[in-house]
Amino acid sequence: MKRFFYCLCVVLCAMSCSKGGEPVVCCGHLDNYVDFPSRYVSPRTVRVWTPTCYDPSKRYEVLYMHDGKMLFDASVTWNHQEWGVDEVVDSLISCGAIRECIVVGIDNTDERISDYCPDDIVQYLPAGSSVYRGLASQGNAYLSFLVDEVKPFVDSVYSTYGDREHTWVLGSSCGGLISSYALCKYSDVFGGAACMSTHCTLAYPHPDAVDSLVVRAYRTYLEEHLPSANSALLYMDNGDKTLDSFYGESQHALNVMLYQHGWDSAHYMYRYFSGAAHCEDDWRARLDVPLKFLLGK
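Right, dumping it as structure tokens:
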């Protein structure tokens, strides 16, 4: 009964607080739950996209994505770029390349860096390094919001499987960072994660020794806390332009670590995209790759 009233509250809030400038999709249907309430983080919009083929009498897998407002409509984004999630996912479903799924996009806020910064990884840094970077981490709170509040709502309102084998998480940059963290913290909830252009430096990179310490802390955390080899799906990639130009060496070290721990190509995929920059246009251009890896038939 409590869950029923909580879900009703969310729906009524979305209906009464909808704002202008919301995304418009070309394919499927998008529900925008504005100011979604939370005990853990500040309210934000949660967007639930259902494909053209959506039928409430069937059940669907769910892909959770971060930076929700950037996913669907370039006319309402700050940089006039978008992931094209509705077009890409609907097209892949239509041609039989991936299984049918719902996409949940969670908007970021002014606290984006903190929300996507993993608390536990910060604890692996040497004393003083987190102060040097000015890191404020609340990734645990953000993941509690996703797992304990957003997911139960989605599973109660939409026709989903709801289990680990049909639940996925995907993000880029700091969204890639928090996606890998989600797989570590909630391997019983997520069957896999896709981490594009993972911002493994936690903050803005600098050519000094502290970055090496930060990257090493991230790698050590994953080594100790990822699910056992080949018990989940993990996708990672990077380009080599703009911010992505900082990631090659650290990503290579991470690849080596994963292979040494027994991850095989059926469960871990890494891809390098020459000429790709750190932006939505380039993530959109290769979005089909992680989608086919996580959801391929």
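So the number in our numbering is just where the residue sits in the sequence shown, counting from 1, plus 4. Where is the CB? At the ideal position from N, CA and C, for every residue including glycine. Nothing here was measured: the structure is a model prediction, and the numbers come from that model.
Other residues of its chain near Gly-88: CB distance less than 7 Å, five sequence neighbours each side excluded
Arg-288
Keeping to the same chain, check which residues put their C-beta closer than 7 Å to that of Cys-57; ignore five residues upstream and five downstream.
Ile-97, Glu-104
Residues bridged to Glu-65 [DSSP beta-bridge criterion]:
Cys-105
Hey, Pro-294 and Leu-174 are a contact pair by Cβ (cut 8 Å); roughly how many whole angstroms apart?
6 Å
CA-to-CA distance, Gly-300 to Thr-171, given in whole angstroms:
14 Å
Please report how far the alpha carbon of Leu-16 lies from the alpha carbon of Val-158, in whole angstroms.
Because the pLDDT of Leu-16 is 28, which lies under 50, any placement of that residue in the model is unreliable, and the number read from its coordinates should be weighed accordingly. If I take the Cα positions, the gap works out to 15 Å.
Whose C-beta lies closer than 6 Å to the C-beta of Gly-32 among residues of the same chain, with five residues either side of it excluded?
Trp-53, Thr-54, Pro-55, Thr-56, Asp-90, Asp-94
For Val-108 and Val-303, believed in contact at Cβ under 8 Å, the rounded distance:
The structure shown does not extend to residue 303, since the chain is modelled only from 5 to 301, so the question has no answer here.
What three-state label does DSSP hand Thr-56 in the structure shown?
Note: Thr-56 maps to coil in three-state DSSP.
Taking the DSSP output, what are the residues bridged to Gly-196?
Checking the DSSP bridge columns, you'll see Gly-196 partnered with Trp-172, Leu-237.
Cα-Cα separation between Pro-27 and Asp-114, rounded to whole angstroms:
19 Å
Nearest neighbour of Val-29, chosen from Val-92, Val-45, Arg-63 [CA to CA]:
Val-92
So, for Asp-71: in the same chain, excluding its five sequence neighbours on each side, which residues have a beta-carbon less than 6 Å away from its beta-carbon?
Asn-112, Gly-179
Would you please state the rounded distance, in angstroms, between the beta carbons of Tyr-64 and Pro-122? I believe it to be under 8 Å.
Tyr-64 to Pro-122, Cβ: 29 Å. No contact.
Alpha carbon to alpha carbon, how far is Ala-221 from Leu-129? Give it in angstroms, no decimals.
6 Å
Excluding the five sequence neighbours on either side, which residues of its own chain have a C-beta within less than 6 Å of the C-beta of His-282, listed in chain order?
Ser-201, Thr-246, Leu-247, Asp-248
Restricting to Cα atoms, I'd like to know which of Ala-145, Gln-127, Glu-284 is closest to Asn-83.
Glu-284
If you compare alpha carbons, which of Gly-195, Ala-257, His-271 is closest to Val-2?
Residue numbering for the chain in the displayed model covers 5 to 301; residue 2 lies beyond these limits and cannot be assessed.
Give the range of the beta strand (DSSP E) segment to which Leu-187 is assigned.
Per DSSP, Leu-187 lies in no beta strand (DSSP E); the unbroken alpha helix (DSSP H) holding it starts and ends at 178-189.
Helix, strand or coil at Phe-157 according to DSSP, with G and I counted as helix:
helix
In the DSSP assignment, what are the bridge partners of Leu-34?
Trp-53
Check whether the Cβ atoms of Leu-237 and Gly-196 sit closer than 8 Å, and answer yes or no.
yes
Ends of the alpha helix (DSSP H) at Arg-288?
284-289
Looking at C-alpha atoms only, which residue of Glu-253, Arg-275, Thr-224 is the closest neighbour of Tyr-239?
Arg-275
Runs of beta strand (DSSP E) wholly within the stretch 223-281 (minimum 3 residues, chain order):
With a minimum length of 3 residues, the continuous beta strand (DSSP E) runs that stay inside the stretch 223-281 are 237-242, 272-276.
Can you tell me which of the three DSSP states Gly-25 falls into?
Under the three-state reduction of DSSP output, Gly-25 falls in the coil class, being neither helix nor strand.
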